[in-house]
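Below is one structure, written out as structure tokens; the observations come after it.
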Amino acid sequence: MKFSFSLKQKNNKARRGEIKTAHGKIQTPAFMPVGTAGTVKALKNQDILASGAEIILGNVYHLMLRPGADLIEKMGGLHGFMGYNGPILTDSGGFQVMSLAKISKISDLGVEFSSHIDGSKHFLTPQKSIAIQHQLNSDITMIFDECVAHPATYEQAKKAMLRSNNWALQCKEAFIDRPGFALFGIMQGSTFSDLREQSAKNLLDIGFDGYALGGLAVGEGQEEMLKVLDYAVDFLPENKPRYLMGVGKPTDIILAVARGVDMFDCVIPTRSGRTGQAFTSGGVVNIRNSKYKGSTAKLDENCSCDACVYHTLGYLQHLVKANEILGAMLLSQHNIFYYQKLMKDIRQSIENDSFEFLLQKVLSQFDTTK
Ligand SMILES: [Zn+2]
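Following our numbering, the numbering of the sequence shown begins with 924 at its first residue and continues without gaps.
This is the structure:
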């Protein structure tokens, strides 16, 4: 099967599409649960599939350090290793190297860093990142890029963008193309429109199967992010998938869909699940709140996850307060179900020409001023 993206329908800028990969199809707009170290934390593969998720994400940085790409390759790539046969996207390690590791040197060749696990020294280059993603057998490989922190000066953002574009070309040359597999470019340029435009132009000249917006969700806030999306998404081609990396909360996602984004990933649903926070059709629920003590109500009447079908809010609160593993499992599962239901509703609303109505509904559900 050839990797492809087909745009089925549009509602203003919001897009309804389908991606085909070697391991299956993905309906877009899509949310990808993050399986950092070969596991979407606290979720079994069956839970991920039952939620309706059609693609998950893995991290080069974590997997190269533990258990190592050679071992995963020997065990059938990330699909065989995890026992998960759906599409997998891996990020290149660039973002984690910058945010987690102790960096000793960044040069035009790559990044020298010490592992956050054991302090061991590593050198990650564009070529090495692509080779590792090949060993993992990722359906969608991401280029290795330099993501600047926020806020960045114009000069810092320009330097990182130019270096990333240079690395993008090296990644394209290093990528071994196979049917159904794809390589995505990543636009940088921080919050500067001319840098975003130049980055997109350079990536388009190289040519990728899809394009990501990098360097957002790094602390700039929703308003600033949306300002960038207002213009930056339009620099990308209509006929390729557009992926907003590391985003976000439900309102971030639907507002980005309104600006033409097709794919998302974020740790928020699983991380929040582990800290007792749930996203529901009634808004955010902080399960530790004393008002839920002994409550026989359901967490979300509109949800079909195990937490909502089999348990009460009062029981879920007990699990979270007692630090029981099951509490983290059930709430993580619930949040992933909520996110997938949201994506399904978004897709249907684009098909039915009711996207604007859904957008207003979701914004009002999560209105923190109410
Ligand atoms: Zn639920």
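Backbone N, C-alpha and C define an ideal beta-carbon position, used for all residues, glycine too.
Small disclaimer: the values here were computed from a predicted structure and weren't measured.
- In the three-state reduction of the DSSP assignment, MET924 falls in the coil class, being assigned neither a helical nor a strand state.
- The distance from the Cβ of ILE1066 to that of ILE1099 is about 14 Å, inconsistent with a contact at the 8 Å cut-off.
- Only residues of its own chain outside the window of five on either side were considered, and among them ALA937, PRO952, ILE1269 have a CB closer than 6 Å to the CB of VAL1180, listed in chain order.
- Rounded to whole angstroms, the separation of the alpha carbons of GLY1137 and GLN1283 is 27 Å.
- Counting only runs of 3 or more residues that sit fully inside the region 1103-1140, the beta strand (DSSP E) segments are 1105-1110, 1133-1136, in chain order.
- By the Cβ neighbour-count rule, ALA1220 is exposed, with fewer than 16 other Cβ atoms within 10 Å of its own.
- Bridge pairing for ILE942: PHE928, ILE949 [DSSP].
- Of the residues assessed, ILE1040 falls on the exposed side of the cut-off, its CB having fewer than 16 other CB atoms within 10 angstroms.
- For LYS1095, the CB contacts under 6 Å within the same chain, skipping 5 residues up- and downstream, are ILE1129 in chain order.
- Judged by pairs of C-beta atoms under 8 Å, the region 1030-1044 does not touch the region 992-1010, as fewer than three such pairs exist.
- Contact annotation, GLN1271 with ALA1230: C-beta distance approximately 24 Å; criterion of less than 8 Å not satisfied.
- The DSSP-derived three-state label of LEU980 is strand.
- Look at the beta carbons and you see the region 988-1003 touching the region 1058-1075: at least three pairs across the two are nearer than 8 Å.
- A residue is called buried once 16 or more other Cβ atoms fall within 10 Å of its Cβ, and ASP1117, having fewer, is exposed.
- Around GLY1217, the same chain offers GLY1237 as residues with beta carbons nearer than 6 Å, after the five sequence neighbours per side are excluded.
- For the set GLY1142, THR1174, ALA1140, TYR1134, the Cα lying nearest the Cα of ASP1157 is the one of TYR1134.
- Annotated three-state conformation of CYS1189 is strand, per DSSP.
- Listed by position along the chain, the residues with Cβ atoms less than 6 Å from a non-hydrogen atom of ligand 1 are LEU1222, ASP1223, CYS1226, CYS1228, ALA1230, CYS1231, HIS1257, PHE1260.
- In the three-state scheme derived from DSSP, where H, G and I count as helix and E and B as strand, ASN1088 is classed as helix.
- Secondary structure of TYR1007 (DSSP, three-state): coil.
- Taking 3 residues as the shortest admissible run, the region 1147-1179 contains the following complete beta strand (DSSP E) segments, listed from N- to C-terminal end: 1165-1167.
- Taking a cut-off of 8 Å on C-beta distances, the region 1069-1082 touches the region 1111-1126, as three or more cross pairs fall below it.
- Taking one beta carbon from each stretch, the region 977-984 and the region 953-969 have 3 or more pairs nearer than 8 Å; the two touch.
- Per DSSP, reduced to three states, the secondary structure at ASN1258 is helical.
- For SER1022, the uninterrupted alpha helix (DSSP H) segment begins and ends at 1017-1022.
- Per the coordinates, the alpha-carbon of TYR1262 lies some 14 Å from the alpha-carbon of LEU1253.
- A distance below 6 Å between beta-carbons, with the five flanking residues on each side excluded, links LEU1167 to the following residues of its chain, in chain order: LEU1136, ALA1179, VAL1184, PHE1187.
- When the five nearest sequence neighbours on each side are left out, the beta carbons in the same chain lying within less than 7 Å of the beta carbon of ASP1014 are those of LEU980, ASN982, VAL983, MET1065, in order along the chain.
- Scanning the region 1033-1072 for uninterrupted alpha helix (DSSP H) segments of 4 residues or longer gives 1049-1059, listed from N- to C-terminal end.
- If you check the CB distance, ARG1211 and VAL1243 come in under 8 Å.
- DSSP places ALA992 in the uninterrupted alpha helix (DSSP H) bounded by 992-997.
- Per DSSP, VAL1208 is one residue of the beta strand (DSSP E) stretching across 1206-1209.
- Bounds of any beta strand (DSSP E) do not take in ALA973; it lies within the alpha helix (DSSP H) bounded by 968-974.
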